[in-house]
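23 is the number of the first residue of the sequence shown in my numbering; add one for each residue after it. The beta carbon of each residue, even a glycine, is placed where N, CA and C say it ideally should be. Treat the numbers as computed from the prediction; the structure is a model and nothing was measured. These notes concern the structure reproduced below.
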Amino acid sequence: MFNKIETAGQTIINVLDEEFSYFEQFVHKNNIRWAREEKNNSILTISQSYVGYLVTPVRKINLEPKYNEIGFEHIFRMYLYVYGYRTSDSSSVLDISEAQNEVDVAELFLENLQKNIQLGIIQSYRISNEKLGTIKGNVHYPSTYKNYLLNKKKYVDTKVSRLSLNNDINRLIATALMKLKNVKKYTSTATKLLMYFENVSPNVKNGSELLKNINFNSNTSRYRNTLIYASMIIDQLDYEDVGNTIGTESFIINFDRLFEDFVIKILKETPDKREFFTWENSKKFADILKSDNCYDSREYQPDIVYRYLVEDESYDYLPSAYGVLDVKNKAYNVFNNSDIYQIVTYARLLNSKKVILLYPSFLNKRPETLTLNSDIFNPYVITACFINIADKSGKDFLKSINLFVDTVEKTLLDIKID
23 MFNKIETAGQ TIINVLDEEF SYFEQFVHKN NIRWAREEKN NSILTISQSY
73 VGYLVTPVRK INLEPKYNEI GFEHIFRMYL YVYGYRTSDS SSVLDISEAQ
123 NEVDVAELFL ENLQKNIQLG IIQSYRISNE KLGTIKGNVH YPSTYKNYLL
173 NKKKYVDTKV SRLSLNNDIN RLIATALMKL KNVKKYTSTA TKLLMYFENV
223 SPNVKNGSEL LKNINFNSNT SRYRNTLIYA SMIIDQLDYE DVGNTIGTES
273 FIINFDRLFE DFVIKILKET PDKREFFTWE NSKKFADILK SDNCYDSREY
323 QPDIVYRYLV EDESYDYLPS AYGVLDVKNK AYNVFNNSDI YQIVTYARLL
373 NSKKVILLYP SFLNKRPETL TLNSDIFNPY VITACFINIA DKSGKDFLKS
423 INLFVDTVEK TLLDIKID
């Protein structure tokens, strides 16, 4: 009897009798379809885009990256680049020090946190309104004088700065610890560590968004990995109540979505000129009249557009984009038919001159081209550009990012690539 096998684009898990309750909750929380036929045969098929691990009541199931050339450590670095890296940071924070055949983000978080607590918990100054018996801080003199005339004991109405633990760094940590309290394996440790963060609000709803807003300095940079793990726990770790007040955990990252966010951040933030854009919402391109006389529609949303105009007078004030780009986490399936149909449609709708598909690679690769029938298609050349995600050092990783940006820009502008 197999525990887990991997097939084309999918991971098939053999579900044990005592795991059905766990997996029913898991698929519901993660919006994964569990076909009745699969359920009756005690198997669950999930996409290989999911990376992480599942801890059922009887075992731990690792969901490895779908490429043998990279490990969990490369996924973590990509997450760090998207949500925690700043151009002012040293490239060394993106170094990969060791391969991780297994991942336990909770263990990594707790280990990093305990080391940092020994070095000191981050405090910051907060301004608070206070009533004091002595002159101190930024005094509001009219109300202070009034209180004095009223013979109040604490007559000074003032604003003072005091050191506080309730800052964004500690809020991320406390929220992650509160979540881990619900996982049987970590309840005791998380409860003890929460004692260090008394009066810190554990109410972060979106860890990655808060992490983006934290600027690290020489004092706080040692907390970077701790906060990366905390953010992952808040956003990606979930726990299944299996009949007790505490249960077992699952931690999954959608690698396809992360790769898309990674490429989008690179192209929107790295070039000197900001000419790459993304849409917040999809746009309608077709109306449907159904057999019951009800109306419906179809919408589209390319991943990235280049030199986008909402209204282009050259095309009767319809939207246009000089280039349209789509991100595909398919290192070994370049120029897939469905991807070609999709991006050709985007190009037609946006009157684009250039179409590019963006893929991961494990070394620096030159672009590849697919040429269509020029009598039928315009544009008739589709270019595939690749970004190397397997570099070991942070310095080489950033070089690969810059090479990728340079390649994409030269492809769009018909500049010869050396």
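*With burial defined as no fewer than 16 other Cβ atoms inside 10 Å of the residue's Cβ, what is the status of Glu-91: buried or exposed?*
In the sequence shown, the residue the question calls residue 91 occupies position 69. Glu-91 should be labelled exposed.
*Out of Thr-248, Phe-298, Ile-411, state which residue places its alpha-carbon closest to the alpha-carbon of Ile-378.*
Locating residue 378 in the sequence shown gives position 356, where the first residue counts as 1. With distances taken between Cα atoms, Ile-378 lies closest to Phe-298.
*Compare the beta carbon distance of Ile-236 and Gly-416 with 9 angstroms and say whether it is the shorter of the two.*
The count along the sequence shown starts at 1 and reaches residue 236 at position 214. The count along the sequence shown starts at 1 and reaches residue 416 at position 394. Not closer than 9 angstroms, so no.
*Going by the beta-carbon positions, is the gap between Ile-118 and Ile-288 smaller than 9 angstroms?*
Here residue 118 corresponds to residue number 96 of the sequence shown, with the count starting at 1. Here residue 288 corresponds to residue number 266 of the sequence shown, with the count starting at 1. No, Cβ-Cβ distance for Ile-118 and Ile-288 is not below 9 angstroms.
*Just the Cα atoms here: how many angstroms apart are Ile-275 and Lys-432?*
Taking the sequence shown and counting its residues from 1, one reaches residue 275 at position 253. Taking the sequence shown and counting its residues from 1, one reaches residue 432 at position 410. Approximately 33 angstroms, taken between the alpha carbons.
*Give the single residue among Ile-54, Ile-144, Gln-364, Ile-83 whose Cα lies nearest to the Cα of Asp-348.*
The residue labelled residue 348 in the question sits at position 326 within the sequence shown. Ranking the options by Cα distance to Asp-348, first place goes to Gln-364.
*Whole angstroms is fine: what's the gap from Leu-385's alpha carbon to Ile-439's?*
Stepping through the sequence shown from its first residue, residue 385 is reached at position 363. Stepping through the sequence shown from its first residue, residue 439 is reached at position 417. So the alpha carbons of these two residues sit roughly 17 angstroms apart.
*How long is the line joining the alpha carbons of Leu-202 and Asp-309, rounded to whole angstroms?*
Start at 1 with the first residue of the sequence shown, and residue 202 comes out as number 180. Start at 1 with the first residue of the sequence shown, and residue 309 comes out as number 287. Near 48 angstroms, if we compare the C-alpha coordinates of Asp-309 and Leu-202.
*Exposure label - Glu-271; buried when at least 16 CB within 10 Å*: Position 249 of the sequence shown, counting from 1, holds the residue named residue 271. Its Cβ being crowded by 16 or more others within 10 Å, Glu-271 is buried.
*How should Gln-70 be labelled, buried or exposed, when 16 other C-beta atoms within 10 angstroms of its C-beta is the threshold for buried?*
Within the sequence shown, residue 70 is the residue found at index 48, counting from 1. Buried: at least 16 other Cβ atoms inside 10 Å.
*Taking buried to mean at least 16 other C-beta atoms within 10 Å of its own C-beta, is Thr-197 buried or exposed?*
As a first step, residue 197 is located in the sequence shown; it is residue number 175 there, counting from the start. The residue is buried, with at least 16 neighbouring Cβ atoms inside 10 Å.
_Contact set for Thr-267: own chain, Cβ-Cβ below 7 angstroms, skip 5 residues either direction_ = Residue numbering aside, residue 267 sits at position 245 when the sequence shown is read from its first letter. The pLDDT assigned to Thr-267 is 41, lower than 50, so where the model puts this residue is not dependable, and the model offers no usable value.
*In this structure, does DSSP put Ile-437 in helix, strand or coil?*
Here the question's residue 437 lines up with position 415 in the sequence shown. Coil, per DSSP.
*For Leu-76, which of Glu-390, Asn-169, Asn-189, Gln-47 has the nearest alpha-carbon?*
If you number the sequence shown from 1, residue 76 lands on position 54. Out of Glu-390, Asn-169, Asn-189, Gln-47, Gln-47 has the C-alpha closest to the C-alpha of Leu-76.
*Does the beta carbon of Glu-95 come closer than 9 angstroms to any beta carbon on chain C?*
The chain labelled as chain C is not found in the depicted structure, where only one protein chain is given.
*Considering only residues of the stretch 277-343, which uninterrupted alpha helix (DSSP H) runs meet the minimum length of 4 residues and lie entirely inside it, listed in chain order?*
277-291
*Answer with buried or exposed for Asp-39, where buried requires no fewer than 16 other C-beta atoms within 10 angstroms of its C-beta.*
Residue 39 sits at position 17 when you count from the first residue of the sequence shown. Exposed, by the Cβ-count rule.
*Exposed or buried, Phe-307, counting other C-beta atoms within 10 Å across all chains shown (16 or more means buried)?*
On the sequence shown, position 285 is the one that residue 307 refers to. With fewer than 16 other Cβ atoms within 10 Å, it is exposed.
*Please list the segments of the alpha helix (DSSP H) lying wholly inside the stretch 183-235, counting only runs of 4 or more residues, in order along the chain.*
190-202, 209-216, 229-234
*Given Gly-74, which residues of its chain have a CB within under 6 angstroms of its CB, disregarding the five upstream and five downstream residues?*
Your numbering for residue 74 matches position 52 in the sequence shown. Leu-85, Phe-273, Ile-274, Ile-275.
_Please classify His-50 as buried or exposed, where buried requires at least 16 neighbouring CB atoms within 10 angstroms._
Mapped onto the sequence shown, residue 50 falls at position 28. Exposed, since its Cβ has fewer than 16 Cβ neighbours within 10 Å.
*In angstroms with no decimal places, state the Cα-to-Cα distance between Ser-43 and Ala-252.*
Along the sequence shown, read from residue 1 onward, the residue named residue 43 stands at position 21. Along the sequence shown, read from residue 1 onward, the residue named residue 252 stands at position 230. If you take the alpha carbons of Ser-43 and Ala-252, they lie about 27 angstroms apart.
*Per DSSP, the bridge partner or partners of Arg-81*: Here residue 81 corresponds to residue number 59 of the sequence shown, with the count starting at 1. In the DSSP output, where bridge partners are listed per residue, Arg-81 has none listed.
*Output the boundary residues of the alpha helix (DSSP H) element that contains Leu-394.*
Position 372 of the sequence shown, counted from the first residue, corresponds to residue 394. First-last for Leu-394: undefined, no H or E at that position.
*asked:* Closest to Lys-375 by C-alpha separation, out of Tyr-402, Asn-355, Ile-68, would be which residue?
replied: As a first step, residue 375 must be located in the sequence shown, where it is residue number 353. Of the candidates Tyr-402, Asn-355, Ile-68, the one whose C-alpha sits nearest the C-alpha of Lys-375 is Tyr-402.
*asked:* Helix, strand or coil, according to DSSP, for Phe-357 in the structure here?
replied: Mapped onto the sequence shown, residue 357 falls at position 335. Coil, per DSSP.
*So what's Lys-137 in DSSP terms, helix, strand or just coil?*
Taking the sequence shown and counting its residues from 1, the one referred to as residue 137 is at position 115. It is helical.
*Who are the near neighbours of Ser-146 in its chain, counting only those whose CB is closer than 6 angstroms to its CB and skipping five residues on each side?*
Here the question's residue 146 lines up with position 124 in the sequence shown. So the qualifying residues of the chain are Asn-189.
*asked:* Quick check: Thr-324 and Val-332, are their CB atoms within less than 9 angstroms of each other?
replied: Looking up residue 324 in the sequence shown gives position 302. Looking up residue 332 in the sequence shown gives position 310. The sequence as given places Pro at residue 324; Thr does not occur at that position. Not in contact: Pro-324 and Val-332 (Cβ atoms no closer than 9 angstroms).
_Residue from Gln-32, Thr-33, Asn-359, Ser-64 with nearest C-alpha to Glu-41_ = Sequence index remark: in the sequence shown, residue 41 carries index 19 (1-based). Among Gln-32, Thr-33, Asn-359, Ser-64, the Cα nearest to that of Glu-41 belongs to Ser-64.
_Alpha-carbon to alpha-carbon, Glu-231 and Arg-329_ = By 1-based counting over the sequence shown, the position of residue 329 is 307. By 1-based counting over the sequence shown, the position of residue 231 is 209. Their backbone Cα atoms lie some 27 angstroms apart in a straight line.
_Tell me which residue opens and which closes the alpha helix (DSSP H) that Lys-51 is part of._
Walking along the sequence shown from the start, residue 51 turns up at place 29. Taken as a continuous stretch (DSSP letters only), the alpha helix (DSSP H) holding Lys-51 covers 42-51.
*Given a threshold of 16 other Cβ atoms within 10 Å of its Cβ, counted over all protein chains shown, does Ser-422 qualify as buried or as exposed?*
The count along the sequence shown starts at 1 and reaches residue 422 at position 400. By the neighbour-count rule (16 or more Cβ atoms within 10 Å), Ser-422 is buried.
_Could you check whether Lys-352 and Asn-359 sit closer than 9 angstroms to each other, using their CB atoms as the reference points?_
Within the sequence shown, residue 359 is the residue found at index 337, counting from 1. Within the sequence shown, residue 352 is the residue found at index 330, counting from 1. No, the Cβ-Cβ distance between Asn-359 and Lys-352 is not below 9 angstroms.
*What are the boundary residues of the beta strand (DSSP E) that includes Thr-248?*
Taking the first residue of the sequence shown as position 1, residue 248 is located at position 226. Here Thr-248 belongs to no beta strand (DSSP E); instead the alpha helix (DSSP H) covers 246-258.
*Just the Cα atoms here: how many angstroms apart are Tyr-368 and Val-327?*
What you label residue 368 is simply residue 346 of the sequence shown in a count that begins at 1. What you label residue 327 is simply residue 305 of the sequence shown in a count that begins at 1. C-alpha separation (whole angstroms): 10 angstroms.
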